[in-house]
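These notes concern the structure reproduced below.
There are 2 protein chains.
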Amino acid sequence: MSRFDPFDALYIDLYQLTMAQAYLRSGHTAEATFSLFVRNLPPDRGYLLFAGLEDVLRYLERLRFTSQDLDYLRSTGQFGDYFIECLAGFRFTGSVRAMDEGTAFFANEPVIEVTAPVIEGQIVETFLINQVNMASLFATKAARVVKAAGGAGVADFAARRTHGTDAGNKFARSSFIGGFVGTSNVGAGARYGIPTIGTMAHSFITSFDSELAAFRAYADAFPDSTTLLVDTYDTVKGVKAAITVANELGSRGSRLVGIRLDSGDMDSLSRIARQMLDDASLHYVQIVTSGGLDEFSIEALVNGGAPIGAYGVGTLAGVSADAPWSDAVYKQVTYDGRPVAKFSPGKATFPGPKQVWRCLDEGDERVAHDHLTSADADSPESNAITLLHQVMRDGAVVGKLPSLGQVRDRARLELGRLPESVLHLSGPASIQVSVSDELRAPSPGRKRI
Amino acid sequence: MSRFDPFDALYIDLYQLTMAQAYLRSGHTAEATFSLFVRNLPPDRGYLLFAGLEDVLRYLERLRFTSQDLDYLRSTGQFGDYFIECLAGFRFTGSVRAMDEGTAFFANEPVIEVTAPVIEGQIVETFLINQVNMASLFATKAARVVKAAGGAGVADFAARRTHGTDAGNKFARSSFIGGFVGTSNVGAGARYGIPTIGTMAHSFITSFDSELAAFRAYADAFPDSTTLLVDTYDTVKGVKAAITVANELGSRGSRLVGIRLDSGDMDSLSRIARQMLDDASLHYVQIVTSGGLDEFSIEALVNGGAPIGAYGVGTLAGVSADAPWSDAVYKQVTYDGRPVAKFSPGKATFPGPKQVWRCLDEGDERVAHDHLTSADADSPESNAITLLHQVMRDGAVVGKLPSLGQVRDRARLELGRLPESVLHLSGPASIQVSVSDELRAPSPGRKRI
Chain A
1 MSRFDPFDAL YIDLYQLTMA QAYLRSGHTA EATFSLFVRN LPPDRGYLLF AGLEDVLRYL
61 ERLRFTSQDL DYLRSTGQFG DYFIECLAGF RFTGSVRAMD EGTAFFANEP VIEVTAPVIE
121 GQIVETFLIN QVNMASLFAT KAARVVKAAG GAGVADFAAR RTHGTDAGNK FARSSFIGGF
181 VGTSNVGAGA RYGIPTIGTM AHSFITSFDS ELAAFRAYAD AFPDSTTLLV DTYDTVKGVK
241 AAITVANELG SRGSRLVGIR LDSGDMDSLS RIARQMLDDA SLHYVQIVTS GGLDEFSIEA
301 LVNGGAPIGA YGVGTLAGVS ADAPWSDAVY KQVTYDGRPV AKFSPGKATF PGPKQVWRCL
361 DEGDERVAHD HLTSADADSP ESNAITLLHQ VMRDGAVVGK LPSLGQVRDR ARLELGRLPE
421 SVLHLSGPAS IQVSVSDELR APSPGRKRI
Chain B
450 MSRFDPFDAL YIDLYQLTMA QAYLRSGHTA EATFSLFVRN LPPDRGYLLF AGLEDVLRYL
510 ERLRFTSQDL DYLRSTGQFG DYFIECLAGF RFTGSVRAMD EGTAFFANEP VIEVTAPVIE
570 GQIVETFLIN QVNMASLFAT KAARVVKAAG GAGVADFAAR RTHGTDAGNK FARSSFIGGF
630 VGTSNVGAGA RYGIPTIGTM AHSFITSFDS ELAAFRAYAD AFPDSTTLLV DTYDTVKGVK
690 AAITVANELG SRGSRLVGIR LDSGDMDSLS RIARQMLDDA SLHYVQIVTS GGLDEFSIEA
750 LVNGGAPIGA YGVGTLAGVS ADAPWSDAVY KQVTYDGRPV AKFSPGKATF PGPKQVWRCL
810 DEGDERVAHD HLTSADADSP ESNAITLLHQ VMRDGAVVGK LPSLGQVRDR ARLELGRLPE
870 SVLHLSGPAS IQVSVSDELR APSPGRKRI
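One line per chain: the protein sequences are A and B, in this order.
With the numbering used here, letter number 95 in the first sequence gets 95, and the count goes up by one each step, no holes.
With the numbering used here, letter number 369 in the second sequence gets 818, and the count goes up by one each step, no holes.
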């Protein structure tokens, strides 16, 4: 793991620690299994793409309470010496079963199951939900934008408007999984090996005496990778200045990469700009648009035939604006070998560890339906594949984690397997998730008080 | 600054660095001023509370490119040795004028103005917008929830559903500024000195053989700070078990603090629970509710007279669900002493450094209107106060930053000064922000190409 992620053991809800102390005090320290799933898909989502597992596993491997952490906890007066000593030696020693990152999942399907001594399993809840919820929302939002763009490249410009820097970095990673081609976020480039992409800001233009002078200064510095921002003063005049610079670059054997539109009527401006560029024989200069774009506005531009080659997408994707949250939860499903569940209205859970079976159609090409069983159940039908695999044992990652590129490939494969109706940006169809009779039946070991 | 914030110099849009190299290459390195403001208030917001300044100033003081950062930048092949060397010695040496954290602000009002050599001013853009946008949205959302709660305490339970850990920590801080009484986030407690608050999870209940056994185990561990979660199986039975434990605690000289409802019809359940507690002479036991709450659902509960003593608010506040983004921008307003501006449709800016004047009514009690002038203009009227003050000079913080408690007090004062109509949760009135003729007039130094 890189220098970038000093995991903070105190990123935790207080009750995880108070419960842990109560568990310890009452000798209640047997093994438990916890399931992480969403109860409902967010609005207009026929699926979610699972992301965030790599950070979860690195966190579980590295989770330690520092002496500063322990000093703080001691200072609160809520924790006894014996418990603090227990935290000083804390290691996550449990096992984890999980879907592969990039897998499409649906409501009530566990994406992660953690089996560990109950205190260990409980203490990691806050971070696990936080990371998986965020990363999966982001990957899904990105996949929607990529679908809308219909083959044009989409880049992440969200770093300034995400909710903080962790979100900005994770959006870069998740959006790459969802199919973006790169990010403006340099740190995410360094951390994840994602291609970095950038043009110029309006301030660069305004700090020069003229737009043309600014364009020339930038093109001089980056003769082979310049995209000129043309809307600072007047877009048509901006395109003219860009054509001047493109011709100057051409005479020196370089090519202007593109022009960027960041305001105004993108459909009409892109047509005007394309015509002007084509008239100047600059067919190779790409038109990039940005500014308040999301899957809905991009779909409208694409359907209208706007000649746009690439999209820079920021705010509305970077906060998953139409669905900024899910109801992801992490629920105990066994304690000491006994299946358990809660029955709160609207929040009931199925007890016991589970397996998620993905049943493909006869051609093995599309998802037909999913089936939820207990972890040790037999295959429900011949062309069903299991989605939960062992990824951590005794606190150590099993095997080698897939590369980010492999996760991205997996996501593309998964999206290709979903029926078109499930991919719709509004009012998508659902994949049916059936639940085995065994899970639905009241379990003999399950106690109601 | 604490161990918690290893500021990452690479949390930056690529174009900040490519523009910097182009500036350097073209000898374009004069001083510039940048203004950070929102163009429009988000929906249903009559104001925003300014937050995030402390992190901005600490970042500016500590911003350095590490040798690892420089190695990565060199490896991209986009940057010349001279520029990399320049980054190796990078320090922010500029000045900052800003509003006090906790100040209410409106559209087009600069909350921060940065004056520095243009490369320094440009490089900090991504982080500054990111932090101020997030923290201000969060503080504002929290203030709305606190207003809705009408005197009942509100606590931050959002850590698991914010977009990442930076957002979770900053939501804890910002929501405390907005009037929350505490947070479940232990790290935020350690970092900011915010009171930490916690109850128990359903998993704690389900891991015991009975709800009563779980309640007893927790109360034994925390006889003076227990709030029992009563809805795991059946709320009425849960309240009965809580009454049993409250009586057992009482016989040992301790008091049960509260019971928590996390599902179902909060209005009716809280009345039933209150009646049961009162019938058992447990008037002191408080009812806490949580689960999908925001300012709108809390307002409905309060207006209905539900006997709820405190609210735990998570997801919907922690992502500012009804307004997860603002259009915060950071715009160059001078270069080398010359006022500059952009004229993009819908995105035009006023040139030059500014002052924001808050004009109070005759009793000095309420905000009458605001007035935007150039930085050096005279007071527009007798009872106008300036909102932008020098907070950093030559890269160093001027004076002592206010404590978090002082910022919280400031926010309460500011909210008290806003007319009630501006505080409405839906369809609020606006504070008028007038703009001086001087700012509106075309500036002689301003160039249109």
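Quick reminder that beta carbons are idealized off the backbone N, C-alpha and C, glycines included.
All values reported here derive from a predicted model rather than from experimental measurement.
6 Å CB neighbourhood of residue i in its chain, flanking five on each side removed
i, result
"Glu295 (chain A)", "Arg144, Val145, Ala148, Leu425"
"Pro380 (chain A)", "Trp357, His371"
"Pro491 (chain B)", "Ala772, Ser775"
Inter-residue spacing [alpha-carbon to alpha-carbon] between residue i and residue j
i, j, result
"Gly636 (chain B)", "Gly642 (chain B)", "9 Å"
"Arg450 (chain A)", "Asn108 (chain A)", "Because chain A spans 1 through 449 in this model, residue 450 (chain A) falls outside it and cannot be assessed."
"Ser430 (chain A)", "Val422 (chain A)", "6 Å"
"Leu718 (chain B)", "Ile757 (chain B)", "10 Å"
"Asp394 (chain A)", "Ala481 (chain B)", "56 Å"
"Ser769 (chain B)", "Phe587 (chain B)", "6 Å"
"Tyr531 (chain B)", "Glu811 (chain B)", "59 Å"
"Gln275 (chain A)", "Thr244 (chain A)", "15 Å"
"Arg412 (chain A)", "Leu249 (chain A)", "37 Å"
"Ile461 (chain B)", "Thr467 (chain B)", "11 Å"
"Ser746 (chain B)", "Gln735 (chain B)", "19 Å"
"Ala591 (chain B)", "Ala142 (chain A)", "29 Å"
"Asp265 (chain A)", "His283 (chain A)", "22 Å"
"Leu293 (chain A)", "Gln21 (chain A)", "48 Å"
"Ala608 (chain B)", "Lys400 (chain A)", "30 Å"
"Arg807 (chain B)", "Glu814 (chain B)", "12 Å"
"Arg889 (chain B)", "Ala213 (chain A)", "26 Å"
"Gly291 (chain A)", "Ala396 (chain A)", "44 Å"
"Thr334 (chain A)", "Ala759 (chain B)", "32 Å"
"Glu85 (chain A)", "Gln855 (chain B)", "36 Å"
"Val688 (chain B)", "Ala722 (chain B)", "6 Å"
"Gly102 (chain A)", "Val56 (chain A)", "15 Å"
"Asn696 (chain B)", "Arg25 (chain A)", "21 Å"
"Leu463 (chain B)", "Arg58 (chain A)", "27 Å"
"Asp336 (chain A)", "Glu438 (chain A)", "20 Å"
"Gln527 (chain B)", "Phe541 (chain B)", "23 Å"
"Ala219 (chain A)", "Arg787 (chain B)", "24 Å"
"Val789 (chain B)", "Asp267 (chain A)", "28 Å"
"Leu60 (chain A)", "Arg701 (chain B)", "40 Å"
"Arg511 (chain B)", "Phe456 (chain B)", "8 Å"
Beta-carbon proximity check, residue i vs residue j, cutoff 8 Å
i, j, result
"Ala348 (chain A)", "Lys354 (chain A)", "no"
"Val124 (chain A)", "Ala328 (chain A)", "no"
"Val367 (chain A)", "Arg408 (chain A)", "no"
"Pro851 (chain B)", "Gly495 (chain B)", "no"
"Ala458 (chain B)", "Arg523 (chain B)", "no"
"Ser207 (chain A)", "Gln465 (chain B)", "no"
"Leu49 (chain A)", "Thr140 (chain A)", "yes"
"Gly352 (chain A)", "Arg161 (chain A)", "no"
"Val630 (chain B)", "Gly602 (chain B)", "yes"
"Thr645 (chain B)", "Thr196 (chain A)", "no"
Own chain residues within Cβ distance below 7 Å of residue i, not counting five before or after
i, result
"Val435 (chain A)", "Phe350, Leu372"
"Leu837 (chain B)", "Arg546, Ala547, Met548, Pro559, Glu562, Gln804, Val805"
"Tyr682 (chain B)", "Glu660"
"Thr227 (chain A)", "Thr199, Val257, Gly258, Ile259, Arg260, Val288"
"Glu503 (chain B)", "Glu550, Leu850"
"Ala833 (chain B)", "Trp806, Arg807, Cys808, His820"
Presumed contact (8 Å Cβ cut-off) between residue i and residue j, rounded CB distance
i, j, result
"Gly304 (chain A)", "Val288 (chain A)", "The pair is not a contact, with the Cβ atoms about 17 Å apart (cut-off 8 Å)."
"Thr632 (chain B)", "Ala621 (chain B)", "4 Å"
"Ala167 (chain A)", "Ala616 (chain B)", "6 Å"
"Ala306 (chain A)", "Arg271 (chain A)", "7 Å"
8 Å CB neighbourhood of residue i in its chain, flanking five on each side removed
i, result
"Leu229 (chain A)", "Thr199, Met200, Ala201, His202, Phe204, Ile205, Gly238, Ile259, Arg260, Asp262"
"Ala375 (chain A)", "Arg97, Glu113, Gly352, Pro353, Lys354, Gln355, Leu388"
heavy atom of the ligand FAD below 7 Å from residue i C-beta
i, result
"Ile721 (chain B)", "In the structure on display, the ligand FAD does not appear, and there are no ligands present to speak of."
Subject >> Residue ranges of each beta strand (DSSP E) within the segment 749-832 of chain B, 3 or longer >> reply: Unbroken beta strand (DSSP E) runs of no fewer than 3 residues, entirely contained in the segment 749-832 of chain B, are found at 759-762, 777-784, 803-809, 816-823, following chain order.
Subject >> Residue ranges of each beta strand (DSSP E) within the segment 83-157 of chain A, 3 or longer >> reply: Those beta strand (DSSP E) runs which fall completely within the segment 83-157 of chain A and span 3+ residues are 95-98, 112-117, 153-156.
Original post:
What runs of the beta strand (DSSP E), each 3 residues or longer, lie entirely inside the segment 219-265 of chain A?
Top reply: Segments of the beta strand (DSSP E) lying fully in the segment 219-265 of chain A: 227-229, 258-261.
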